[in-house]
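Which chain is which? The protein sequence lines are A and B, in order. Residue 681 in my numbering is what sits at position 467 of the first sequence, and the numbering runs on without skipping anything. Residue 1507 in my numbering is what sits at position 353 of the second sequence, and the numbering runs on without skipping anything. Structure first, then comments.
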Amino acid sequence: MNVIDYVRDMAAAGLHSNVRIMSSLLLTMSNNNPELFSPSQKYQLLVYHADALFHDKEYRNAACKYNMALQQKKVLSKTSKVRPSTGGTASSLQAQSLPSEIEVKYKIAECYTILKLDKDAIPVLDGIPSRQRTPKINMMLANLYRKAGQERSAVTSYKEVLRQCPLALDAIIGLLSLSVKGAEVASMTMDVIQTIPNLDWLSVWIKAHAFIHAGDNLRAINTICSLEKKSLLRDNVDLLVTLADLYFRAGDTKNSILKFEQAQMLDPYLIKGMDVYGYLMAREGHLEDVEVLGGRLFNISDQHAEPWVISGCHSFYSKRYSRALYLGAKAIQLNSNSVQALLLKGAALRNMGRVQEAIIHFREAIRLAPCRLDCYEGLIDCYLASNGIREAMGMANNIYKTLGANAQTLTILATVCLEDPMTQEKAKTLLDKALAQRPDYIKAVVKKAELLSREQNYEEGITLLRHALANQSDCVLHRMLGDFLVAVNDYQEAMDQYSIALSLDPNDQKSLEGMQKMEKEESPTEATVEEDGDDMEGSADDGDLEGSDSEAAQWADQEQWFGMQ
Amino acid sequence: MTVLQEPVQAAVWHALNHYAYRDAAFLAERLYAEVHSEEALFLLATCYYRSGKAYKAYRLLKGHSCTTPQCKYLLAKCCVDLSKLAEGEQVLTGGVLNKQKSQDDIVAEFGDLACYTLALMGQIYCKTDRLAKGSECYQKSLSLNPFLWSPFESLCQIGEKPDPDQLFKLTSLQNFSSSISQPPVGLVHTPSHNVCHRQVETVLMETPQDTLELNRLNLESSNSKYSSLNMDSSVSYIDASVISPDSVPLGTGSSLLSKQVQNKPKSGRSLLGGPAALSPLTPSFGILPLEPSPGDPSYLQNFTNTGSVMEPPPSGAPQKKSVARIGQTGTKSVFAQSGNSRDVIPVPFNQTQTTAPQTSATPQVLSPTIAAPPNVQPRRSSRLFTSASSTAKENSKKLKMKFPTKIPNRKTKSKTSKGGITPSNMNDSIEILKLDSSILSEGKANVVTPQLQAFTLQKAAADGLMSLMREMGKGYLALCTYNCKEAINILSQLPSHHYNTGWVLGQIGRAHFELAEYMQAERIFSEVRRIESYQVEGMEIYSTTLWHLQKDVALSALSKELTDMDKNSPEAWCVAGNCFSLQREHDIAIKFFQRAIQVDPSFAYAYTLLGHEFVLTEELEKALACFRNAIRVNTRHYNAWYGLGMIYYKQEKFNLAEIHFKKALSINPQSSVLLCHIGVVQHALKKSDHALETLNKAIDIDPKNPLCKFHRASILFANEKYKAALQELEELKQIVPKESLVYFLIGKVYKKLGQTHLALMNFSWAMDLDPKGANNQIKEAIDKRYLPDDDEPVTPDNYPYDSAEAEAEESQESSMTDADDGQLHTAESDEVF
């Protein structure tokens, strides 16, 4: 047993720090005296040394050492080819125990991926002949291709993974995200599904994800709900998070929060999707809960983007934009694919007035999540903030065309139209369409009400809001109704509506303002009434004043009498 | 697995029914840890909820997807308890993408729970200010189950005017069942047939017994299963031990019988459920409807038949009274002995029995059952029986006659039905109708006569209850629309044993209170205290009554007693607050009112009282907030609207004041006091004609209201119509001869008319009658000379309050006077001091 065997044993035993020191010393020895170790031994040493470095997270260093090892391997194979006969059995034995070249290449690719050097990683893996690729290589390659936008190659790689491992669900998701047909994907797994009992839900699962990636939120939700109803898959956290995310995308905040809450209760260590949850809660105004959630997630891991995003959302909604910007940037640094982080940073930039930078971030978010409407909304807001109505209009039209005419897209388009005085009428028809599709869609109702208040069409606004409030209770709607009622001088009802709004959200500043404004308005109107009254019944007024005067005089008399008594 | 759960479940229910919540929760926790099924989850949540830990049940249920209606309902209930209304709504109605389920969807989904679910939804809607939807839900809930009182109460409270005659009647229930039995709804809904029948009994029976019976059922069925399957002896041993305490006291005559009957559907279930055996829930829902359905049509037929026959008699009120007396003297014992425990209920049992197995799978639906030992509740209901049925004696006779023959009858019936079902209907289980008819013909032959008999009885009982509820409903509705005299009228006509209960007397007391008849109110409330000393509801009104009557000793005694009894009720703290308010310890009173709000933030009256206290301590902003809170909690709390108006009046924002007074008036249109205030405000707004009109209206409503008359006089005086004023004052003098202010004003009028002599005379009378008050006026008069801005509007304000205060201290006889103002519990008078 030579020294190399000892090192190998140490490496196998996981004593990486020890391997690192020892192999480093041995490599220096070998460099100073090339005769000491055979090329294959040196190759082994290099690989072990690189492994140790990899474990110490010195990825760049490790990659360099792996490359050196590969180089050594090439030499080795050449020399072995030159002298094939000598020591045949011994060398073959050695060759067997040598670390595999493919494994080394995979490690190099892994290092590059971690170092975010995708461009370097792809050629390394590409260099492996397709027949020798293991599923994990295919998987990594597929992911890299997808990231780099080489969709066709990505699809083939994913399919390769699926061929070898039919239950590789992440590969299935990958395929679906590359707009491969659900049926096609399902067909690849069908054989397995049929042979294994209790796995019949898998086809439904695939269908659900196909809907998700096709942007058909409604059917995706229905499919996942049907999955969840099966008692076998009840309370699955991943399903719940997916469902919550879908609700969020479909604009159903209430359900989304409920599902996130449930998922979080089932698995307190859950990180995935929590950024959306935090964002939703912050948007709904539950800032304290957001803070707690952020703190909790930081305890679980600060190496994920989510806790940073949540904390950022908290800062953003408490109007500390620069802090939000920093936190968003940190989140992006940790995970450059985090849509929520990009949105946060973009929104913070926009609110700090750095619109151009914000636009870049929103664009990136759109690229990563083409089905999420809030990315587009953010971008459109940016355009509107920089007076780019035309760009905003183009964008809105684009969404409208690509994502179909649903209530949400219609409302976005209408929002843009509202900004332009020329297209008010169009906005109105669009909003009407949206409301026809989803009569309870709050955003559309709010916009329509704004439009009506601009037109001073208060009566219609009141009926619209009352109609919307019949089915749901929402602070903003009540407040708007209050404003409308003030406009038509119905102070009584307005007061009611403001107080309802305040009871729903005690911190709603605008309702408080509205209420105070109304109380103040009340006095001036009273004053004006009195002024008016002065003109009309001035005499009566005077008479009364006189009356009081006379009364005072009378009191004086009385006093006298008592004085007399 | 489900078979193994049953003994544990039975043990849990047993513990629950005997209030051993900790044991029940512990066992349920074990069960849930073991099987982790939704059924067990529900059981555990029920244990938590029943032991008063709604938050526990909430968190437990929330952490898991709830799919069964029972779980959803319980979760929603917890949400409402924890005031997470939006979430509760989402749980019940939330569909995909904000689309809400319609009421029909809910009825379809929740089946026999639908009436409670809808009531809960109504509560949510009303609390989130969607009254229209809320009232829809309540109405629907009532139409599903006319035995529910609280939805009706809530309907009245939100200002709807539900018609008790329409709501509390059994025909609606028949419609319901017949509509459901129609094919379109089909299999899924067949359980709700039983709703109506079961509800008939749930009202009559107390739940503990029911569920206890259920336990036994569970136990016995599991037992039989074990024995048949030759299972582990240890398990069945446990069973036996659990059973024995039950079956000993109950197992007189009926236990044998009930056992047999109980085993019937059970065994049927095991027969049918065995091969199917999809999940613990499916067999009971899918198959059992077969069993009730054979019975149902015939039942319904009987129901309708008897309905038409029986309807006329209970309508006559006098007749009812006499019958009721008969029931008390003659038949009560009969019912207590035989009727209650055997005759009356076995037949209902026959139907409920059919529901029982399905509830055993989902045990919270308390199936009411036979062998309930006679207790207070049934006895009362037996009285109802008699009161409604034409002649009690006849009935009881028939009962006695029928009794022996019935058992064999039913047995044969159960056997035939069993035989009918298992072989043939297994095959074509979907065609219920066919099956119905076959069984119907089969059943008719041998069962109809006893059934008819039983249904006559059952129907009569239900009708009796319905007519009672109709009457009470009318009374309550009248009270809620502040039609107080009518309310008193209706409620006083209730049979004396109902009249002399805390609830009825409490409502009458409130009606008197609203009419400002404090003496009567006090008498009634003290009667309530005597009959039901544990009654807390309504005591806040009592305390305000005592406050108005200035009975500080009684008030402090009441306060002490109530706070000792229940520290968690807002009423008790309101009483304490009122007590200190009367002692002019306003700071302490404020603390107590705040405590009341703390205890129950949804108690509107506490906010109002606190608001009044703040007015007394001149913290008007805080008072405004309090009144607004009261309105937020209950928009129909007119006292708070009044309070707001009063504050705005003080701040001389007369427009706002008028708006608020008018709002209060729209809630309570019969109140002369409110009209009077509106008149005063209108006068302040220089709308003297309107003011006079309003005051005339007020005087029309209450011709002897001195306050209104006084204000009318002073307005007339201000408008320089001295003659009219003088006449008014002369009339007023007749009503309240000892009121110094009247003389004072008369003096002023004479002064204006230039008759100094008469004026002087009246002034000195005024001085004589109330030297203290007059001095006050004089002092103010002096002040007024130096501070001329404090003029006209203050005077009408101060006079009446002063009068109220003065008189209250002076004597009780003129309760009318102090009443009118104090009715709304404004103690503004104190400001004067």
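All C-beta atoms in this analysis are idealised placements derived from N, C-alpha and C, irrespective of residue type, glycine included.
In the DSSP output, which residue or residues are listed as bridge partners for residue i?
i, result
"Gly1660/B", "Bridge partners of Gly1660/B: none, in fact."
Which residue marks the beginning of the alpha helix (DSSP H) containing residue i, and which one marks its end?
i, result
"Arg366/A", "Glu365 to Gln378"
"Phe1180/B", "Tyr1175 to Val1189"
"Lys1776/B", "Leu1774 to Val1787"
"Met1673/B", "Tyr1672 to Ile1685"
"Gln547/A", "Tyr535 to Leu548"
"Glu1193/B", "Glu1192 to Arg1204"
If you measure from the beta carbon of residue i to each beta carbon in chain B, is any gap under 8 Å?
i, result
"Asp449/A", "yes"
"Ala741/A", "Low per-residue confidence applies at Ala741/A: pLDDT is 40, beneath 50, and the placement is therefore not dependable enough to give any value."
"Gln476/A", "yes"
"Asn620/A", "no"
"Lys533/A", "no"
"Cys714/A", "As written in the sequence, residue 714/A is Ile, which differs from the Cys given in the question. So yes, Ile714/A belongs to the interface."
"Glu498/A", "no"
"Ala701/A", "no"
"Tyr257/A", "no"
"Met479/A", "yes"
"Glu442/A", "yes"
"Leu695/A", "no"
With DSSP collapsed to three states, give me the class of residue i.
i, result
"Gly388/A", "helix"
"Gly429/A", "coil"
"Thr637/A", "helix"
"Pro1649/B", "coil"
"Asn703/A", "coil"
"Gly1291/B", "In the sequence as presented, Gly is not what sits at residue 1291/B; that position holds Cys. Cys1291/B falls in the helix class under three-state DSSP."
"Ile1832/B", "helix"
"Asn1822/B", "coil"
"Thr1655/B", "coil"
"Thr625/A", "helix"
"Lys1863/B", "helix"
"Gly1217/B", "coil"
"Pro1755/B", "coil"
"Tyr228/A", "Checking the sequence, you will find Gly at residue 228/A rather than Tyr. In this structure, Gly228/A counts as coil in the three-state DSSP scheme."
Output yes if chain A places a C-beta closer than 8 Å to the C-beta of residue i; else output no.
i, result
"His1218/B", "yes"
"Thr1222/B", "no"
"Glu1241/B", "yes"
"Lys1892/B", "no"
"Gly1765/B", "no"
"Arg1284/B", "yes"
For this session: Count the C-beta pairs between the stretch 492 to 508 of chain A and the stretch 1232 to 1245 of chain B that are closer than 8 Å, then say yes if the count reaches three, no if not.
Result: no
Could you tell me whether the stretch 535 to 547 of chain A touches the stretch 460 to 473 of chain A, where touching means 3 or more Cβ pairs closer than 8 Å?
Between the stretch 535 to 547 of chain A and the stretch 460 to 473 of chain A, the count of C-beta pairs closer than 8 Å stays below three; the two stretches do not touch.
Three CB pairs or more closer than 8 Å across the stretch 1791 to 1799 of chain B and the stretch 683 to 696 of chain A | no
**Q.** the stretch 399 to 406 of chain A contacting the stretch 357 to 365 of chain A, beta-carbon criterion three pairs below 8 Å
**A.** no
Does the count of Cβ pairs from the stretch 594 to 614 of chain A and the stretch 555 to 572 of chain A closer than 8 Å reach three?
yes
(Q) I'd like to know if the stretch 428 to 441 of chain A and the stretch 453 to 462 of chain A are in contact, where contact means that at least 3 CB-CB pairs between them fall below 8 Å. (A) Contact between the stretch 428 to 441 of chain A and the stretch 453 to 462 of chain A is present, because at least three Cβ pairs lie under 8 Å.
message = Within 8 Å, do at least three Cβ pairs link the stretch 1284 to 1296 of chain B to the stretch 1268 to 1275 of chain B?
response = yes
Using 8 Å as the cut-off, can you tell me whether the stretch 1880 to 1888 of chain B makes contact with the stretch 1839 to 1858 of chain B, which would need three or more C-beta pairs spanning the two stretches below that distance? no
Is it the case that the stretch 601 to 619 of chain A contacts the stretch 475 to 483 of chain A, given that we only count it when at least three CB pairs across the two stretches are under 8 Å? no
Pairing CB atoms from the stretch 414 to 423 of chain A with CB atoms from the stretch 376 to 395 of chain A, are three or more of them under 8 Å? Short answer: they touch.
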